[in-house]
Structure formats: structure tokens, C-alpha cells
Amino acid sequence: METLQIEGIATPVSRVALGTWAIGGWMWGGTDDAQSIATIRAAVDSGINLIDTAPVYGFGHSEEVVGKALEGLRDKAVIATKAGLDWPDGSVRRNATAERIRTEVEQSLRRLRTDRIDLYQIHWPDPLVPHDETAAQLERLRREGKILAIGVSNYSPSQMESFSRKAPLATVQPPYNLFERSIEKDVLPYARQHGLTVLAYGALCRGLLSGRMSAATVFPGDDLRSGDPKFRPPRFDQYLAAVDALERFARERHGKSVLALAIRWILDQGPTIALWGARRPDQLAGVDAAFGWKLSDGDLRDIDALLAQHITDPVGPEFMAPPARQG
Ligand code: NAP
């Protein structure tokens, strides 16, 4: 396992983190708690010590399951959770007021069965609240010892710049994978320049880059992928063809699977951590295959050519963004 150091957190953090959105069930067609707990423990056993969750993932459920799974293992894990969303009438909106964050941190500490949150991130920027207010509240929590390090998610460089006036920013969590690359023009260079760690979410592009999907794959219940433009005609065929081409490339050049390639590719963009959203222990089986090798500059160029050849109508993950409150 490769690790890196996040300012404020003494334990070195694994460069593959377990993402637990699907473990919350909501927007992923339900969940199985026994499997989820086994997955979290399997992750820790295999050296994945960073566990990313959020209050909104199943409206508290993901955090509760993480808390339960880590009982007796708390000191082996680094917990990252978030704040800054609410759902007063069931629909999720942005809310990063100081008051909301104070309420959320107490709820998260209780659900996670811990006295500290290692990394506390603002989930989405709230256009109705000055960054100074949000950041100052996080800095207060850091000084109180309730949180150890501060991060943001889905922020632009200018939003990070304002936020950093009142709080030391350690990490940023944007969408980033082989198919979703918009951060390369702004957030990634900013992170490199300012020494921030990038927690790349959707590392497998919601399972597409696992190499296990086909045109016949269906998404039951409220699974967000049934409304994801990548998983619908006409684009689904393009993305599946790209996955096939990447699978052949990974096998021929490196004797690896497309899944290992997808994770390696993120790690080779450094200073990055790949957030892998597994919800069954067997889904983590291939984690070791991502380590101990590197993609060359030639590999990276050839990968880009394959992507351009197969994906003629690319689309990003913008459909996932929650709305602001009405002002
Ligand atoms: P992801 O990691 O790209 O994909 C997760 C899905 O991939 C799983 O639910 C699973 O689908 C499939 N999968 C995983 N391992 C597999 C394997 N070995 N074989 C086959 N399929 C496999 O997407 P994500 O969960 O959206 O993103 C990862 C994490 O990033 C989240 O859990 C969350 O912690 C974080 N995130 C943050 C934000 C934000 O706004 N900050 C947004 C999105 C995600 P099935 O179980 O259906 O097979």
C-alpha cells in the first residue's frame, strides 16, 4: 500500500481510500449492513485505512455503519466525513452556515462513535454563506480538537483561495477518474501549487471502470446510474467500448486489469488518493494490483488517444450537484 501524509493527521494515510456512499443505500438501490461492515473491516485488514463518509449518505446511515464497523479498530482507521448539506423536507440542499456545521459535527461524532474526526470536509460550496463564516467555524472545531484536518469538496480554486483566509486547508475532494478530467485545468494545478492532497472521487466512474459492466447491466430502485447520462444511450456504448479498449491495453502493456489501471492512473497524477466505492468485500480483492508499477508518459499519451477514439460525446458528473437553498 502506498501512503501519504496529510497535514494535521499523524497516521500516514493509504492512497486508496474506501468510499462509503453506496453503503448508505440512498441513491444506490439499497444496502446490506452486514456486507457493508465486512467490507469496511476487509478494507482496514488490507491496509486501506482512510474511510470516507458523509452525513447525507443514507441520511446518517453510512456514518452509523462506519462507526459500528470500526468499533475496536478506531486507532487503525483515519475517518474522513463531511458537513454542509441539509435535507429539512427530504430534498438535499447546500447549507454551510456556522450553525449547521456545529449541529452536524456533534451528530457525526455520535454516529461514528468517536471523539474526533480526522478529516472534516465541506461537501459542496454554499453560495449563500461567506467562505469566511464556514472556514472560521471549521478552524474553531480544529482548535477544540473535534477535527484534526480541514478539507473541501467540489470547490473551485477561487473558492479555496477565499476559504484558506480563515482556515488551513489540507485536502480537496473533486470528481476525478479516467473519464472525468475537468480538474486538470484548474483544481489539480492549484492543489499541486498549494500542497493540498486531492481525494479523487468516483475513481471507478461509478463502477464503469471496474470492467464488469455490459450493455445489459441494469440499475435497480433509486440507483443514480439509471439517470446518469454516461449509462444511457447513446453514450453507454461509447464508454463500454472505451473500457474494453483500456482492458486490452492494460493486459497487453502491464498484465493488469482495467480496474488496476484506473486506480494506478489516478495515483500517477499525484498528489492524489483514489476513493474507491466498494460495498462488498470481494470488490476490494484487486487492490494490491494497483501498486508497485507506474504508467509511462507514452502510456498516458496512448490512453488519451484510446479515450478520444471511443468517446466522441463525453459528459461529466454535473448531474450529481445538489441545489443551493432559495435565498
Ligand atoms: P466509484 O468508486 O467510482 O464506484 C462505486 C461502484 O463501483 C460500487 O458501488 C460498485 O457498484 C462498483 N465497484 C466497486 N468495486 C468494484 C469491483 N471490484 N467490481 C465491480 N464493480 C465494482 O463511485 P463512488 O462510490 O460514487 O465514489 C467513491 C466515493 O467517493 C464515494 O463512496 C464517496 O465516498 C465519494 N464521493 C464523494 C462525492 C462528493 O461530492 N464529495 C461524490 C461522489 C462520491 P455495484 O456495487 O453496483 O456493483
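Residues in the sequence shown are numbered from 4 upward in steps of one, following the working numbering.
Glycine included, C-beta positions come from ideal geometry on N, C-alpha and C.
- Rounded to the nearest whole angstrom, the CA to CA distance from residue 151 to residue 196 is 22 Å.
- Below 8 Å, enough C-beta pairs join the segment 178-190 and the segment 305-320 to call them touching: three or more.
- By the criterion of at least three beta-carbon pairs nearer than 8 Å, the segment 58-74 is in contact with the segment 26-41.
- For residue 19, the uninterrupted beta strand (DSSP E) run begins and ends at 19-22, by DSSP.
- Within the same chain, 55, 204, 278, 279, 280 come within 7 Å of residue 22 by CB-CB distance, once the 5 residues on both sides are set aside.
- When 30, 86, 310 are compared, the shortest CA-CA separation from residue 176 is found for 86.
- In this structure, the beta-carbon distance from residue 263 to residue 313 does not fall below 9 Å.
- Within the same chain, and ignoring the five residues on either side of residue 193 in sequence, the residues whose Cβ sits closer than 7 Å to its Cβ are 160, 163.
- Ranking 209, 272, 302 by CA distance to the CA of residue 252 puts 302 first.
- Between the alpha carbons of residue 157 and residue 326 lies a gap of roughly 13 Å.
- Around the beta carbon of residue 72, a 10 Å sphere encloses 16 or more other beta carbons of the protein chains shown; the residue is thus reported as buried.
- Between residue 8 and residue 257, the alpha-carbon positions lie close to 28 Å from each other.
- Between residue 275 and residue 123, the CB-CB gap reaches or exceeds 9 Å.
- Here the distance from the Cβ of residue 213 to the nearest heavy atom of the ligand NAP is below 8 Å.
- Residues 210, 243, 246 of the same chain have their beta carbon placed closer than 8 Å to that of residue 216, with the five preceding and five following residues left out of the count.
- Judged by DSSP in its simplified three-state form, residue 297 adopts coil rather than helix or strand.
- Taking a C-beta distance under 9 Å as the contact criterion, residue 200 and residue 81 do not qualify as a contact pair.
- Not one heavy atom of the ligand NAP is found less than 8 Å from the C-beta of residue 123.
- Here residue 241 is buried. Its C-beta has 16 or more other C-beta atoms within 10 Å.
- One alpha carbon belongs to residue 213, the other to residue 135, and they sit about 40 Å apart.
- In terms of CA proximity to residue 219, 234 leads the group 118, 100, 234.
- Burial state of residue 221 is exposed, judged by a 10 Å Cβ sphere holding fewer than 16 other Cβ atoms.
- With contacts defined by Cβ atoms closer than 9 Å, residue 287 and residue 39 do not form a contacting pair.
- The beta carbons of residue 208 and residue 265 sit closer together than 9 Å.
- Residue 215 sits in coil when the DSSP states are folded into three classes, being neither helix nor strand.
- Rounded to whole angstroms, the gap between the alpha carbons of residue 90 and residue 96 is 6 Å.
- Cβ atoms of residue 32 and residue 224 come within 8 Å of each other, at about 4 Å.
- Using a Cβ distance threshold of 9 Å, residue 120 and residue 149 count as a contacting pair.
- Per DSSP, reduced to three states, the secondary structure at residue 37 is helical.
- Residue environment for residue 299: exposed (fewer than 16 other C-beta atoms within 10 angstroms of its C-beta).
- The DSSP-derived three-state label of residue 156 is strand.
- Scanning its chain for C-beta atoms nearer than 7 Å, with the 5 sequence neighbours on each side dropped, one finds around residue 98 the residues 87, 88, 89, 129, 328, in chain order.
- Following the DSSP letters along the chain, one finds residue 14 in no alpha helix (DSSP H), marked with neither H nor E.
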